[in-house]
Each structure stands twice: as structure tokens, then as C-alpha cells.
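The block underneath contains the structure these notes are about, expressed in C-alpha cells.
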Amino acid sequence: MVNKIKLLFGAIVTVYMLSSGTLYAYEEIDVPNGGSISGTAIFLDEIPTRAPIEILKDKDVCAVKEHLSEALIVSADKGIKNVIVSIMEIEKGKKIVAPDSNPTIDQKGCTFIPHVLCITAGTTIDILNSDSVTHNVHTYPEENTAVNKAQPSSLKKISLETEFGEEDPMKIGCDYHGWMGGWIGIFEHPYFALTGDDGSFTISNIPPGAYEVKAWQEDLGELVKTISVKAGETTTENFEFKK
Ligand SMILES: [Cu+2]
165 MVNKIKLLFG
175 AIVTVYMLSS
185 GTLYAYEEID
195 VPNGGSISGT
205 AIFLDEIPTR
215 APIEILKDKD
225 VCAVKEHLSE
235 ALIVSADKGI
245 KNVIVSIMEI
255 EKGKKIVAPD
265 SNPTIDQKGC
275 TFIPHVLCIT
285 AGTTIDILNS
295 DSVTHNVHTY
305 PEENTAVNKA
315 QPSSLKKISL
325 ETEFGEEDPM
335 KIGCDYHGWM
345 GGWIGIFEHP
355 YFALTGDDGS
365 FTISNIPPGA
375 YEVKAWQEDL
385 GELVKTISVK
395 AGETTTENFE
405 FKK
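Going by our numbering, the sequence shown opens with residue 165, and the numbers climb by one from there.
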């Protein structure tokens, strides 16, 4: 019974922390001899074919190039692109380095480029419109303020402010072109990585210890692993996804 109460209390505190977006605080410290986590997001099933998307609106601009689904992109070696790998709620570690310039998401050919972006909370994203048609920037956050704003071609930039980390990546869409979609991972700490074309990732300069590490993919969901990091060493762990 006592354990049940503890569990319940723990769950309430966790939910409160996640919903308030303020109690979780990351502390920047010197990490003189950190370790790394490296690996690959691997697809265990047959390599899927990327389905073509039918373009029914603004064809003269949007249908110039063929659109293929970006929901699940798997390489010939079965590496999965655009998987967000992050250490969950790490309390302290390396300093957060602000980017030299705001990261961008460009609406070009009626596609969000890049399809997935990861940032630390507080970073401003410049949403661009390189097209000669009107798009609509529509975000679906849990913690941050939602944005729903038309972006005609004359409005080349909308600044998307972020304040809080998000437990799950925030979706961004365009209401004019239903096929347009992207994801933004927003973290309170700098321990995250986005897999490249080959599915590989590295998270470096981590204080030694055991961590819960989450790999998230928009179509396949998430996997969580406990991974031990040793000083000055690289721990290799793959995340194996199935449909
Ligand atoms: Cu659009």
C-alpha cells in the first residue's frame, strides 16, 4: 500500500512537472571527461516504399516536383532517417551553445525543409516562405504557445519563438496544403541528436552515469533504453524499430 501511494505521488509529481514546463531545470556544469552514446536507428522489417503524395492544390507551384512521403525513410542498409534520440530529463551536463544564427524551416515546393528539426528551448526558428503561394504556419505544442498564422509569399519570414521543452516533438503543419507536415524537437538540455540518412547518431560529452534514452520516430513511435555512459568512452547502442 505504501508503495502504491509512493507510485501515485511520483506519478502526480511527474505529471505536474511535465504540465507546468517550469519545474524541470537543467544545470550547466563542466564536463571534463564525458562519454558518448553512439548508434543507429535500424528498421527490422522490409524496407518500405515511400508513397507518392497526390497534389491537388496550387499545382503550378506545389506539383513541380514529385512529393514522396517523409513519414518513414529507410536506407538500403535499413537505417532510419529523422529519428530523434535524446537523454530523458538529464539534470546536469555540458553548456547549451546558442546557434550563431536562427535555425530555419523553409517552405519550398510546398514542403517543410527540413522535415524534422531539433533545438533547445529559447531558440527562435525562422519560418521562411520561398514559394509564390500562401502557406499557413500552424504548430501543435503541449507546452509552448501555439502559432496559427498565414504566410503569404510577401511575408518571407515568421519568427517562431520557443520557451519550454516539449516531452514529444511538436508538429508543424500548413492548413492550406494538408500534406505539408514537419516536427520540431524542443529540449531543455543539449543532449539530443537527429539521425541522418544512414540512421546513425552520436550524443557526446555526457557526464558518466546511467540514463534513460529515448528514440522517437513519427510513424513508429518511441523506444526507451537505459544506457550507461563511462568517462572518456563511447557506448554503442542501436535502436531497433518494427512496424
Ligand atoms: Cu502550404
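No residue lacks a Cβ here, since even glycine has one placed at the ideal position from N, Cα and C.
Beta-carbon separation of Lys313 and Ile322 under 8 Å?
Locating residue 313 in the sequence shown gives position 149, where the first residue counts as 1. Locating residue 322 in the sequence shown gives position 158, where the first residue counts as 1. In contact: Lys313 and Ile322 (Cβ atoms closer than 8 Å).
Please list the segments of the beta strand (DSSP E) lying wholly inside the region 352-398, counting only runs of 3 or more residues, in order along the chain.
Complete beta strand (DSSP E) runs here, min 3: 356-358, 364-370, 373-381, 385-393.
Compute the Euclidean distance between the alpha carbons of Gly396 and Ser200, then round it to the nearest angstrom.
Position 232 of the sequence shown, counted from the first residue, corresponds to residue 396. Position 36 of the sequence shown, counted from the first residue, corresponds to residue 200. Looking at the two C-alpha atoms, the distance is approximately 8 Å.
Provide the residue(s) that pair with Ser202 in DSSP beta bridges, ordered along the chain.
Locating residue 202 in the sequence shown gives position 38, counting from the first residue. BP columns for Ser202 point to Thr366, Thr400.
Report the three-state DSSP secondary structure of Val238 (helix, strand or coil).
On the sequence shown, residue 238 is found 74 positions in, with the first residue counted as 1. Residue state, collapsed to three classes: strand.
In or out: Pro196 buried (at least 16 other Cβ within 10 Å) or exposed?
Within the sequence shown, the letter at position 32 stands for residue 196. By the 10 Å Cβ count, Pro196 comes out exposed.
Mind listing, in chain order, the continuous alpha helix (DSSP H) runs of no fewer than 4 residues lying wholly within the region 240-275?
Taking only runs of at least 4 residues, no alpha helix (DSSP H) segment lies wholly in the region 240-275.
Would you kindly check if the distance between the Cβ of Lys272 and the Cβ of Ser296 is under 8 Å?
As a working note, residue 296 is residue 132 in the sequence shown. As a working note, residue 272 is residue 108 in the sequence shown. No. Outside cutoff.
Quickly, what does DSSP pair Thr405 with across the bridge? List them, please.
Along the sequence shown, read from residue 1 onward, the residue named residue 405 stands at position 241. The sequence shown places Phe at residue 405, rather than the Thr named in the question. In DSSP, Phe405 forms a bridge with Phe207.
Going by the CB atoms, is the gap between Phe276 and Ile244 shorter than 8 Å?
Position 80 of the sequence shown, counted from the first residue, corresponds to residue 244. Position 112 of the sequence shown, counted from the first residue, corresponds to residue 276. Result no, Cβ atoms of Ile244 and Phe276 do not sit closer than 8 Å.
Three or more beta-carbon pairs under 8 Å between the region 371-380 and the region 248-260, yes or no?
The answer is yes - the region 248-260 touches the region 371-380, with three or more Cβ pairs under 8 Å.
For Leu236 and Glu330, what's the separation of their Cα atoms in angstroms?
Against the sequence shown, residue 236 aligns to sequence position 72. Against the sequence shown, residue 330 aligns to sequence position 166. Computed Cα separation, rounded: 22 Å.
Answer yes or no: the CB of Tyr304 versus the heavy atoms of ligand 1, is any distance below 7 Å?
For the purposes of this step, residue 304 is taken as residue 140 along the sequence shown, with counting starting at 1. No, ligand 1 has no heavy atom inside 7 Å of this Cβ.
May I ask which residues mark the beginning and end of the alpha helix (DSSP H) holding Asp290?
Taking the sequence shown and counting its residues from 1, one reaches residue 290 at position 126. Where Asp290 is concerned, there is no enclosing alpha helix (DSSP H), although the beta strand (DSSP E) it sits in stretches over 289-293.
Between Ser239, Asp332, Leu384, which lies nearest to Lys406 when the distance is taken from Cα to Cα?
Walking along the sequence shown from the start, residue 406 turns up at place 242. For Lys406, the nearest C-alpha among the options comes from Leu384.
Who are the Cβ neighbours of Cys226 in its own chain at under 6 Å, not counting the five residues just before and after it?
Numbered from its first residue, the sequence shown carries residue 226 at position 62. Answer for Cys226: Ile219, Cys274, listed in chain order.
In or out: Pro305 buried (at least 16 other Cβ within 10 Å) or exposed?
By 1-based counting over the sequence shown, the position of residue 305 is 141. Classification for Pro305: buried.
Quick one: what's got a C-beta closer than 6 Å to Ser392's C-beta in the same chain, skipping five residues either side?
Here residue 392 refers to the residue found at position 228 when the sequence shown is read from its first residue. Once the five neighbours on either side are set aside, the close Cβ partners of Ser392 are Ala374.
Suppose you measure from the CA of His279 to the CA of Ile193; what does that come to, to the nearest Å?
As a first step, residue 279 must be located in the sequence shown, where it is residue number 115. As a first step, residue 193 must be located in the sequence shown, where it is residue number 29. Cα-Cα distance, rounded: 32 Å.
Where do the N-terminal and C-terminal ends of the beta strand (DSSP E) with Cys226 fall, by residue?
Reading the sequence shown from its first residue, position 62 is the one you call residue 226. Per DSSP, Cys226 belongs to no beta strand (DSSP E); it is in the alpha helix (DSSP H), 223-226.
Per DSSP, which one or two residues make a beta bridge with His302?
As a first step, residue 302 must be located in the sequence shown, where it is residue number 138. According to DSSP, His302 bridges with Asn312, Gly337.
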